[in-house]
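Peer 1:
Number of protein chains: 2
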Amino acid sequence: MIRTAQTAKSFTLEAKGKAAPIIVSSDDWPGVQHAADEFAQDVQRVTGALPTRSAQASDVDAVLVGTMGHSSLIDDLVRSGKLSTAGVAGQWEAGVTEVVENPMPGVKRALVIAGADKRGTIFGLYTLSEQIGVSPWYWWADVPVKTHDALYVKAGRHVMATPAVKYRGIFLNDEAPALTNWAQEKFGGKNSKFYTHVFELLLRLRANYLWPAMWDNAFNEDDPLNPKLADEYGIVMGTSHHEPMIRAQKEWHKHGTGEWDYTTNKDVLTKFWTEGIARNKEYESTITIGMRGDGDMAMSASANTKLLEGIVADQRKIIAEKADPKVKNPQIWALYKEVQEYYEKGMRVPDDVTLLWCDDNWGNNRRLPTAAERKRPGGAGIYYHFDYVGDPRSYKWLNVTPITKVWEQMHLALQYGADRVWIVNVGDLKPMEFPIEFFLTMARDPKLWDKDHLQQYTDAWSAREFGAEHGAEIGELISGYSKLNRRRTPELLEPETYSFTEGHEADRVQAEWAALVKKADAVRTQLPQEYQAAYFELAYYPVKASAVVNDMMFAAGRNHLYAKQGRASANHWADVTRSLFAEDAKLSAEYNGLLDGRWNHMMDQTHLGYYAWFDPPRNIMPAVSQVDVPQTTQLGVYPEGGAGKYMHKPLPEFDSVNRQTRTIDLGLMGTKPVSFTATTSAPWIVLSKMSGDVVSDEAIAVSIDWSKAPKGRSEGSVTITDSTHNATKVMLNANNLAHTRGFVEDAGAVTIDAAQFMENDAASGVRWEVLPDFGETRSGIESFPVLAPSTEKLNEQACVSYEFTLTSAGTRTLETILAPTLPFQPDHGLRFTVGLDHAAAITADMWPKLTDEEWRKAVSDGVRRVSVPLGELAAGAHTMHVCRVDAGVVLERFVIYGEHRPGEYLGPIESAVAKP
Amino acid sequence: MIRTAQTAKSFTLEAKGKAAPIIVSSDDWPGVQHAADEFAQDVQRVTGALPTRSAQASDVDAVLVGTMGHSSLIDDLVRSGKLSTAGVAGQWEAGVTEVVENPMPGVKRALVIAGADKRGTIFGLYTLSEQIGVSPWYWWADVPVKTHDALYVKAGRHVMATPAVKYRGIFLNDEAPALTNWAQEKFGGKNSKFYTHVFELLLRLRANYLWPAMWDNAFNEDDPLNPKLADEYGIVMGTSHHEPMIRAQKEWHKHGTGEWDYTTNKDVLTKFWTEGIARNKEYESTITIGMRGDGDMAMSASANTKLLEGIVADQRKIIAEKADPKVKNPQIWALYKEVQEYYEKGMRVPDDVTLLWCDDNWGNNRRLPTAAERKRPGGAGIYYHFDYVGDPRSYKWLNVTPITKVWEQMHLALQYGADRVWIVNVGDLKPMEFPIEFFLTMARDPKLWDKDHLQQYTDAWSAREFGAEHGAEIGELISGYSKLNRRRTPELLEPETYSFTEGHEADRVQAEWAALVKKADAVRTQLPQEYQAAYFELAYYPVKASAVVNDMMFAAGRNHLYAKQGRASANHWADVTRSLFAEDAKLSAEYNGLLDGRWNHMMDQTHLGYYAWFDPPRNIMPAVSQVDVPQTTQLGVYPEGGAGKYMHKPLPEFDSVNRQTRTIDLGLMGTKPVSFTATTSAPWIVLSKMSGDVVSDEAIAVSIDWSKAPKGRSEGSVTITDSTHNATKVMLNANNLAHTRGFVEDAGAVTIDAAQFMENDAASGVRWEVLPDFGETRSGIESFPVLAPSTEKLNEQACVSYEFTLTSAGTRTLETILAPTLPFQPDHGLRFTVGLDHAAAITADMWPKLTDEEWRKAVSDGVRRVSVPLGELAAGAHTMHVCRVDAGVVLERFVIYGEHRPGEYLGPIESAVAKP
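Protein chains in written order, with UniProt numbering: chain L, 1 to 916; chain G, 1 to 916.
#1: Whole angstroms is fine: what's the gap from residue 408(G)'s alpha carbon to residue 896(L)'s?
#2: Any Cβ of chain L within less than 8 Å of the Cβ of residue 560(G)?
#3: Roughly how many whole angstroms lie between the Cα atoms of residue 865(G) and residue 291(G)?
#4: Given residue 754(L), which residues of its chain have a CB within under 7 Å of its CB, disregarding the five upstream and five downstream residues?
#5: Starting from residue 626(L), find everything on chain G with Cβ-Cβ shorter than 8 Å and list it in chain order.
#6: Can you name the residues of chain L whose CB is closer than 9 Å to the CB of residue 629(G)?
#7: For the alpha helix (DSSP H) that contains residue 552(G), what are its first and last residues?
#8: Are the beta-carbon atoms belonging to residue 847(G) and residue 829(G) less than 8 Å from one another?
#9: Can you tell me which of the three DSSP states residue 479(G) falls into?
#10: Between residue 564(G) and chain L, is any beta-carbon pair separated by less than 8 Å?
#11: Counting C-beta neighbours from all protein chains within 10 Å, is the total for residue 659(L) 16 or more, i.e. buried, or is it exposed?
#12: Can you give the beta carbon distance from residue 499(G) to residue 559(G), rounded, assuming they're within the 8 Å contact cut?
#13: Going by DSSP, which residues form a beta bridge with residue 772(L)?
#14: Check whether the segment 107 to 127 of chain L touches the segment 83 to 98 of chain L, counting contact only when three or more Cβ pairs, one atom from each stretch, lie closer than 8 Å.
#15: From 801(L), 166(L), 725(L), pick the residue whose C-alpha is nearest to that of residue 835(L); which is it?
#16: Is it right to say residue 671(L) is buried, meaning 16 or more other beta carbons lie within 10 angstroms of its own, or is it exposed?
#17: Report yes or no: do the segment 388 to 405 of chain L and the segment 433 to 453 of chain L share at least 3 C-beta pairs separated by less than 8 Å?
#18: Would the beta-carbon of residue 305(L) fall within 8 Å of that of residue 345(L)?
#19: Would you verify that the beta carbon of residue 607(G) is, or is not, closer than 8 Å to some beta carbon of chain L?
#20: Answer yes or no: do residue 716(G) and residue 734(G) have a C-beta to C-beta separation smaller than 8 Å?
#21: Can you pull the chain G residues whose beta carbon is under 8 Å from the beta carbon of residue 555(L), in chain order?
#22: Do you know how far the Cα of residue 11(L) is from the Cα of residue 152(L)?
#23: Where do the N-terminal and C-terminal ends of the alpha helix (DSSP H) with residue 867(G) fall, by residue?
#24: Helix, strand or coil: which one does DSSP assign to residue 669(G)?
#25: Just to confirm, are residue 768(G) and residue 884(G) a CB contact at a threshold of 8 Å?
#26: Exposed or buried, which one is residue 646(G) when buried takes at least 16 other CB atoms within 10 Å?
#27: In terms of alpha-carbon separation, which member of 486(L), 489(L), 458(L), 466(L) lies closest to residue 476(L)?
#28: Quick check on the burial criterion: 16 or more other C-beta atoms within 10 angstroms. Buried or exposed for residue 56(L)?
#29: Please list the terminal residues of the continuous alpha helix (DSSP H) segment that includes residue 588(L).
#30: Using a Cβ distance threshold of 8 Å, determine whether the segment 723 to 737 of chain G contacts the segment 781 to 791 of chain G, with at least three qualifying pairs required.
#31: Helix, strand or coil for residue 18(L) per DSSP?
#32: Just to confirm my understanding: we take residue 516(G), look at its own chain, exclude 5 residues before and 5 after, and list those with CB closer than 7 Å. What are they?
#33: Kindly say whether residue 602(G), judged by its beta-carbon, lies nearer than 8 Å to any beta-carbon of chain L.
#34: Looking only at its own chain, which residues have a Cβ that is under 6 Å from the Cβ of residue 630(G), when we skip the five neighbours before and after it?
#35: Assuming residue 248(L) contacts residue 257(L) (C-beta within less than 8 Å), just tell me the rounded distance between them.
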């Protein structure tokens, strides 16, 4: 719509240092006036020319801004037939932006921005702001404004439809120490000087809804201008799920007398709540009803359904008496934690109340409306989390939520009718910029970006902030770090999370981080100076700081393992751990010091050394050990797959399809260097080196020359002899396979990414589809459409199938690795069936029993694991069918294993496929 | 018997630089000749004068040495009526030492040393050696010989009785790296130059039996002089429990072909065994029969009773054919691990075979003979451990077996008839000197030292080695370090073993170590130079090195806790951990360097960083963390009993009987010092300081002025305000009690040492008696006599009773802390009964089910814990009766607790007793 060169009948927003004036009726909403001022400044930011706010005689072009039915300017245009309101008028937050010729005397051409309501107009303005080159994050993330000499608006009419979700907003929560200390330093607290920046951000993101900070904060009392300005700007205020009747928890601590207990202190509570409703009656709000215990705790055991229903009835009486009937404020009942249990046991509120369903605090919806509930006029919403303080460990440092996950869960939510409210806990707001905008964008227009284009969304977002030439690169950084962080949050990461002894897992994961850092460093050197701060905040810091934390854990893990092995280099890895710990602190300080401390304190959050759900008071380095290294000459030999002197066993098997490379690590056990020679028992065993000096750590790569290896299984060995004539013999087995099909077992396990199916058979109008880049590894698959009913009959199920070859007969177990979706419908679980060859299919349920312990493990691991016994299987080829029963099941991987369950956190690398 | 001044008719062994000659018939045993030579040298060591080995014309006094029936000298004396053999002749290893006037022409007075057999004579000589001042450990532990100008033997006859246990010896095992490397350096291996030192040591200790080192050692083949000299010296050789037919495991690895499997390789095995019996047929040996798997592993699952009985029958056939019938070598069947299970399932060997019962490798007898088994002519023996390589973690560094434990278990063994063989695994021999001698002394003459005089034994032993003036002090060091080490072996010790948050347990245990070290340091400065090496080996090193390891764990534990608390001093404790790790290495090096490396390698054993049963290849420091300390001013306040900011709770309760002192720790959370003031809510709360500066860590001691405290329970608080005006309020409760009796509950738990009974009622001829200093804390109690039958009827039970007061009503659990005795009789467990007030007594069994897991926990903890539910109890006074059912139960402590199980590893400190 915006052009920098003139086209036929285009509207000139600015050219040659002169900007078109912006005209708003004086009778329009103050919020519209304010947004028009901001828009004028945006034009100036881009072009250097500040539009005037009233027309001059000399103007032939003008921007006409107004709200239908609330602006004499717009209403005149409509009456005169110059502007059509068709498809817009009366629609919540809808609007039209149109270039109109000769709209009124003295104006030759107008850009008309007309909203069906106040926010319709405001959103029209900020949409244009974004289009001319002002990022919604220009203030909050220092994104430079792209300047232009001239700006033109292409002729035409653009209708902005009503958003899919009515109330779309964020919850500033868990806001200490970072946001709190920052706001204190910059504004003297969370007052209106602070909040107007939040309001403006939300409007630029075309959101309309805010739950204010409430950790020892009282929005309405801390600064009386807060609610007044929110309403003026056009922001609908809510209170958090456990703060009923527009009153902050802090207000109760200040004013309340007696207990926060309706059975014993009803009068005081009634007065307290009545004051809240009366105080804010003129303002657009959502009114939380119901009650939790004080301090966001569950109410006492004696709390019960009848009591809560009575509380709600009494609260509605207060609202009916004290609220302004002109301000149609919805009532919200948040079904958080135990409150959802009351609901499931039968507690109900009137049908006009919006039911706010909540995720499990880890981005998994606990419950979505049933078909019956979808008919309730009050509708339903979702309370979601990008930040959480609680079990199993809080996550409040960096973004750990990939938008692939947000899309999958919020798509489900929308399809199941949760479209009245979307509110997301964003912690300190920074550094959650990226997922915040995606969440709000999806809430506004979910059709804009579907599951197959989420990386394009990320690239486009990055291109908007940093220029098209860096969009794809930075997009990859952003999706990369959030995906890798979600595998295990930095807070949950431990030195032993990834396996050091199986599948080189720790090395592989560390290499993934290193690749991201390399890319991030390269981009950093390329970006101009003015982009450096935004880049550091939005991409570089999260990538680099996450990588440093991961590296620190890897270093500590190596220290632990090498110490057990008696390797001298264990002490080196202790030093590395310490230096990475210092680097982490340096990176946080660098963030806090950006632009002369503009974001000072924003990275005060501790993130290292969690040992329970709460954050540690200080960052704690992972504990490291050291070994006593004698002044001797001694070589340590450590074959892959084992650790320690009593664990000698052959190297994991080699086979001619997977064509593995195995390693034999060498390390010093004394202070003095050693040389070694390596010999093999057969000419088909290939070593990366046959001799050498060991001065620290070395590795010999072992592989097989399959052109020389005998057919079938052969035994062999590698012997390492050191310069003191000590010899270590490492046994190995090589399997030169014939007649394999599909995925071929690799050292006792067949590992298949779910998206790598051989066939995909739709049934009952349902089929499995790939969720690209979803989850911890390659991707996921989910059945669509998600509203399709459960298919319990085998012949009605959509199925994917996989072919694989076992290299030996024996008992096998299938481990399915799934997204940790929760059973969000009360009448059934999350089921799928597994059939092998021609055997009867087995039905598996993701959560036969949803215990706290299993849930904690699943959200910690980022995946749910469900095992299906496959019984005795013959060696050779098999076909596995995996079929859909219930919607919402997302499969990521399959691991079919025998006696030894592979020890990798993510599962083994995918098995190789037999060549046809 | 020995005097340094002449008395009437005393025999002059040496005076004025002239020693009495030592005369042995040339027809006596070579071992006697050898011992006489050694004795002569001992006289020289003491006096400087070397006795001649034949009489000179000028001599009027002579030492006449010989074996009855094997010495013309002695036989002549007997024939001539000069020497009586009454009560001696024909008795195994008995002897007489007597001053005889005019024994023969030319000799005016003789000291006659006459044995009933070879070792009877040898032991007579070495007994005298010890008495004149040559410690059995003069060579093996550098104990200085006490010199004298003159030596006289008091006139009289001294009969040395037959030892209680026939074969008494040690097993050199788990002998790498220490003993192996040392012997390699000093002797070029475990050859006869090495072994003769072992033989001599055993004989000086009046032992007769040896199982040789067998980790890649073959006693009979490594040096053919080994068995020959053993027999000459007088040592009976055995082989370890899994090496049948006098053949070492290493010999099989060298000569064996095919599998170590009788079902498939009978001919080869038969030949192998036949060679063993034939080879050693002239030597005194015990012949192990039966079979275990290769490498001391259990035989395959297909092994069964019938097969093993067949093997034994075939082995006995070989012995009957090949052994020399003159050498009456006993056959031994070791009932180790799984072999005991075969026995219990019915496998039997002929009655003349000695059954060698084995402890659990941790000093607890698994099985003792039943009344029926005690009638077997082959008798029974015990294989015991002072060193072990295996589950749950090896212990092969220092002595961790207090002799109180040895006495208790070996007393049981002897009473139950295990008196044919006592063999103890002593690891590298050093530093097990002290328990080795106790074990062998008890085997020889168990009546010499009873349970009430074990500390006197230790003191006397120390006095012999270091002089009477240091006996008690060093005795205390030796019993002290072994007792504290047995609480938790150094290998099993972890930074969190002892509680940092309850009962100041870590501080108290650390103080116990510090007190020992202080004493050890003081003695070290007092001892003359010539005693320094022996003192370092026998007392100083084990005390100091154990204390350093404990301190290191405490430092690491503080580092972990303080890091979690965000205390800056966490970093200091990391430094302390590192410096103690270095000190440990320095102490080992000091041992290895003693006397110019005389014991080089003897302290090569790693002992830090165990993570499985086997020893780590290098010592590994306990992992430590560090915290990121900001440059701020912040005080951390840490009340006793809780850790971390979300665990605030009142201080543990105060009461007027226990009169506790509680602490509030203060620490810096930033780099800058803080000052504080402390205030109390009531005048009866007493603080050790009311203000001060915190520059590192501080503690405020909180106590109650009971003269001012109100009666009953009162609430109060202490408020700490720092110089930045942050205030922390710590709540407390004080209970000013009235009407208490017995032990009074201390903050929710009554803790009673078992020996502190109020009444002790014998019944059925049985009564509980105290085992002084036994176990982990004060002592233990056990019922005696131990052969008394089980008393299942309540009115036939011996009982002890205890009175205690609960300060509140509620459910209580009794935790009994017991020695980890195993159920050593097959027909019953280890039961006792607990009766409270007038309620029916409950019968408890120490091992309702003896699982591997529970056993591992018990031997790791050094105690077995058995809980008895006591149900709902009223506040006020109660009486508990604990009564005996089965012999062998040793009670150490009782902890009666309510909702919170006290977290101390050893249990809380003993509760105070109400004043009458």
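Every residue, glycine too, gets a C-beta built ideally from N, C-alpha and C.
Peer 2: According to the data block:
#1: Linking residue 408(G) to residue 896(L) through their CA atoms gives a straight-line distance of about 55 Å.
#2: It does; some Cβ of chain L falls within 8 Å.
#3: Put simply, the backbone Cα of residue 865(G) is about 36 Å away from that of residue 291(G).
#4: Cβ within range, chain order: 780, 781, 891, 892, 893, 894.
#5: Within chain G, the residues near residue 626(L) are 578, 581, 620, 621.
#6: Going along chain L in sequence order, the residues near residue 629(G) (Cβ under 9 Å) are 618.
#7: Here the alpha helix (DSSP H) through residue 552(G) covers 541 to 564.
#8: Yes; because the gap between Cβ atoms is below 8 Å, this pair is in contact.
#9: Residue state, collapsed to three classes: helix.
#10: Closer than 8 Å to some Cβ of chain L, the Cβ of residue 564(G) qualifies, so yes.
#11: Residue 659(L) comes out exposed.
#12: The distance from the Cβ of residue 499(G) to that of residue 559(G) is about 16 Å, inconsistent with a contact at the 8 Å cut-off.
#13: The partner list for residue 772(L) (beta bridge, DSSP) reads 779(L).
#14: As far as the Cβ criterion goes, the segment 107 to 127 of chain L touches the segment 83 to 98 of chain L, which means the pair count is three or higher.
#15: If we check each option's Cα against that of residue 835(L), 801(L) comes out closest.
#16: By the Cβ-count criterion, residue 671(L) is exposed, with fewer than 16 other Cβ atoms from all chains shown falling within 10 Å of its own Cβ.
#17: With the cut-off at 8 Å, the segment 388 to 405 of chain L and the segment 433 to 453 of chain L touch.
#18: Taking 8 Å as the Cβ cut-off, residue 305(L) and residue 345(L) qualify as a contacting pair.
#19: Residue 607(G) does not count as touching chain L.
#20: Yes, Cβ-Cβ distance for residue 716(G) and residue 734(G) is below 8 Å.
#21: Among the residues of chain G, none has a CB under 8 Å from the CB of residue 555(L); the nearest is roughly 13 Å distant.
#22: Going by C-alpha positions, residue 152(L) is about 5 Å away from residue 11(L).
#23: Careful: residue 867(G) lies outside any alpha helix (DSSP H), inside the beta strand (DSSP E) at 864 to 873.
#24: Correct three-state label for residue 669(G): coil.
#25: Going by beta carbons, residue 768(G) and residue 884(G) fall inside the 8 Å limit.
#26: Unreliable placement is indicated for residue 646(G), whose pLDDT of 47 sits below 50; the coordinate value is still reported in the next sentence. Its Cβ having fewer than 16 others within 10 Å, residue 646(G) is exposed.
#27: Nearest C-alpha to residue 476(L): 458(L).
#28: With a 10 Å radius around the Cβ and a threshold of 16 neighbouring Cβ atoms, residue 56(L) comes out exposed.
#29: Element bounds for residue 588(L): 570 to 597.
#30: Verdict: no, contact absent.
#31: Residue state for residue 18(L) is assigned as strand, using DSSP reduced to three classes.
#32: Take residue 516(G), set aside five residues on each side of it, and the residues of its chain with a beta-carbon closer than 7 Å to its own are 477, 480, 481, 543, 547, in chain order.
#33: Chain L, which has no Cβ nearer than 8 Å to the Cβ of residue 602(G), makes this no.
#34: Result list for residue 630(G): 670, in chain order.
#35: Taking C-beta atoms under 8 Å as the contact rule, residue 248(L) and residue 257(L) fail to qualify, at a distance of about 17 Å.
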